[in-house]
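Just so you know, we're using the working numbering here: the sequence shown kicks off at 3 and counts up by one.
What follows is a short report on a single structure.
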Amino acid sequence: MRRTFRSWKPQASTSSFTQTTCCAPPIRRCRRCRRTSCDTAERRRSKTPACRLTRSLTSFLGPDKVLGKAIIDTFVAQGCEFFTGVPDSVLAGFCAECEQLQNPRTHVVSANEGNAIGLALGWWFARGTVPVVYMQNSGFSNALNPLLSAAHVGAYATPMVLLVGWRGMPGHKDEPQHRIKGEITAELASLCKFDTFVLKDDATAVGMIADAVSTALRNFVPTVVLVPPGFVPASKKDTPPNACLWSRTDAISALLDEVADDDALIATTGHIGRDVHGQLESRGRSPAQSFLCVGAMGHASQIAAGVAMAQPRRRVWCFDGDGAFLMHLGGAALIGGSNLPNLVHVVLNNGAHASVGGMATCAPKTNLRDVASALGYRQSYQISNLNDLKAMRSIGAGSSPSFVEVMISADQGGQLGRPPEPLRLLSSAFQSFCLDINGVAGEWRRRVS
Ligand SMILES: Cc1ncc(C[n+]2csc(CCOP(=O)(O)OP(=O)(O)O)c2C)c(N)n1
3 MRRTFRSWKP QASTSSFTQT TCCAPPIRRC RRCRRTSCDT AERRRSKTPA CRLTRSLTSF
63 LGPDKVLGKA IIDTFVAQGC EFFTGVPDSV LAGFCAECEQ LQNPRTHVVS ANEGNAIGLA
123 LGWWFARGTV PVVYMQNSGF SNALNPLLSA AHVGAYATPM VLLVGWRGMP GHKDEPQHRI
183 KGEITAELAS LCKFDTFVLK DDATAVGMIA DAVSTALRNF VPTVVLVPPG FVPASKKDTP
243 PNACLWSRTD AISALLDEVA DDDALIATTG HIGRDVHGQL ESRGRSPAQS FLCVGAMGHA
303 SQIAAGVAMA QPRRRVWCFD GDGAFLMHLG GAALIGGSNL PNLVHVVLNN GAHASVGGMA
363 TCAPKTNLRD VASALGYRQS YQISNLNDLK AMRSIGAGSS PSFVEVMISA DQGGQLGRPP
423 EPLRLLSSAF QSFCLDINGV AGEWRRRVS
């Protein structure tokens with residue numbers, strides 16, 4: 003009998019399924035009819051609504067297992083085999099466990115959250131099991147386009163579960179950049195018409211996750227599981243300092259020696275920006291010469307390019323991370339092809355998302371200097387210590403943008419502060435720095451008054 007699109011339902015993991023093995027993850031087949039899905043299996047599954055699952059997450063695997071692992075195993079028990087996304091600190095305990103997943107399960111860190119939705123679409127089409135896409139709520143907006151114009155029931159009707167770390171959740175103290183997104187996260191999901199489950203406690207989490215999977219599968223839709231801060235204990239990946247590699251703090255310190263007082267410096271999201279801010283302050287230098295891209299991960303280089311275009315006579319630095327660089331790699335192509343000799347793009351490459359728990363980036367072994375050269379940066383360097391830095395010809399003095407890949411250790415380093423000032427104040431201080439020094443301020447003030 004020919005299967006119609008709607009009559010075909012992918013299989014979930016139940017005892018009536020066996021696994022066949024090959025080098026690719028095995029396809030599950032029904033023991034009776036040997037098909038990858040069948041109506042009997044569907045009926046049997048629907049007799050046990052997911053919401054009736056009463057086991058708590060910790061009892062799911064026994065008390066010795068960490069909660070992140072219990073969440074993964076809950077998904078696996080529902081037939082999920084594919085996990086992808088961008089790591090998040092709220093989900094750090096879950097993300098660290100994802101790295102342990104082995105065949106037949108598949109786990110990949112994506113370059114950005116929209117890419118993760120693409121990967122999930124592909125997996126669903128070619129495999130028919132519900133993909134799990136994890137992300138911070140900041141990244142939910144990166145995912146919106148492929149979610150609404152491809153995965154949505156109004157488009158290609160694709161089941162998937164989005165596991166979203168809820169930064170800035172109302173009632174939880176958080177950094178200012180998370181406030182607005184935190185306030186509207188649930189509303190945004192409901193505006194997209196996605197069924198949304200908010201994990202509350204250990205006792206109901208299993209049922210909610212199972213419901214999210216079965217709803218996705220039943221209705222051919224993405225569903226959302228929101229994870230409040232603190233729900234998954236942060237079992238961060240413990241990356242010990244690597245004595246053979248430069249530490250982030252030492253590398254930033256050496257680089258700051260190269261940054262003149264009238265240079266502008268744009269620093270990326272996470273530890274790098276916080277370290278830059280702390281070091282400028284402790285040197286008694288004006289933090290106003292720097293702009294911290296505390297949110298908007300992946301966009302620091304374009305902010306730097308904007309400044310460099312507007313003020314061609316000022317040297318502009320971007321201190322980027324490898325995760326952020328890869329997240330929106332297209333921006334580097336724009337810089338590489340541009341005529342911005344005053345821009346120095348530094349990528350501190352630790353192969354990891356150190357700020358949110360240390361999971362690898364999507365291309366931890368890629369030579370970013372070669373990537374930059376291929377994208378048009380005519381002066382590109384890879385350095386890993388102070389001698390290399392000193393040996394470089396004067397940075398930012400050539401006829402094209404420069405690129406410096408700095409190889410650093412993946413450990414998280416010591417405690418870092420955060421700027422206490424409101425973000426608005428920081429941006430206006432940076433703008434005053436930019437406009438005043440160039441002597442543009444007077445003209446600008448005349449124009450706006
Ligand atoms: C769109 C988006 N996705 C995810 C995050 C969470 N996040 C904050 S910092 C960070 C890691 C950045 O990695 P990288 O640029 O390599 O710098 P590192 O943390 O290693 O210093 C992530 C994933 C975010 N802020 N925004």
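Note that the Cβ used here is the ideal one computed from N, Cα and C, for glycine as well.
Bear in mind the structure is a predicted one, so any value in this text is a computation, not a measurement.
The Cβ atoms of Ile268 and Phe293 lie closer than 8 Å to each other.
DSSP places His347 in the strand class (E or B) of the three-state scheme.
Only residues of its own chain outside the window of five on either side were considered, and among them Ile74, Phe85 and His109 have a CB closer than 8 Å to the CB of Leu103, listed in chain order.
Per DSSP, reduced to three states, the secondary structure at Thr368 is coil, with no helix or strand assignment.
Counting C-beta pairs closer than 8 Å gives three or more between the region 354-363 and the region 319-328, which meets the contact rule.
In the assembly as shown, Glu407 is a buried residue. Its beta-carbon has 16 or more other beta-carbons within 10 Å. Ser255: member of the alpha helix (DSSP H) spanning Arg250 to Glu260, first to last residue. Per the coordinates, the alpha-carbon of Leu164 lies some 13 Å from the alpha-carbon of Asn117. The beta carbon of Asp176 sits closer than 8 Å to the beta carbons of Arg169, Gly170, Gly184 and Pro231 from its chain, once the five residues preceding and following it are set aside; these are given in chain order. For Ala256, the CB contacts under 6 Å within the same chain, skipping 5 residues up- and downstream, are Leu388 and Leu391 in chain order. The continuous beta strand (DSSP E) containing His109 extends over residues Thr108 to Val111. Between Arg315 and the set Ala159, Gly400, His301 and Ala236, the nearest pair of CA atoms involves Gly400. Here DSSP, grouped into helix, strand and coil, assigns Val358 to helix.
Proximity to Trp125 across His154, Lys71, Thr160 and Asn114 peaks at Thr160, based on C-alpha coordinates. In the DSSP annotation of this structure, Cys82 is not part of any beta strand (DSSP E), being labelled neither H nor E. If you ignore the 5 residues before and after Pro343, its C-beta comes within less than 7 Å of the C-beta of Gly400, Ser401, Ser402 and Pro403, all in its own chain and listed in chain order. Under the three-pair Cβ rule at 8 Å, the region 146-156 does not count as touching the region 198-214. Within 10 angstroms of the beta-carbon of Cys246 lie fewer than 16 other beta-carbons, which makes it exposed.
For the 8 Å CB-CB criterion, Gly300 and Asn114 form a contact. Residues of the same chain with a CB within less than 6 Å of the CB of Pro178, apart from the 5 flanking positions on each side, are Leu425 in chain order. The count of Cβ pairs closer than 8 Å, one atom from the region 359-374 and one from the region 417-436, stays below three, leaving the stretches out of contact. Under the DSSP definition of a beta bridge, Pro224 partners with Met162. The three-state secondary structure of Ile397, taken from DSSP, is coil. Tyr136 has Gly87 and Leu165 as its beta-bridge partners, per DSSP.
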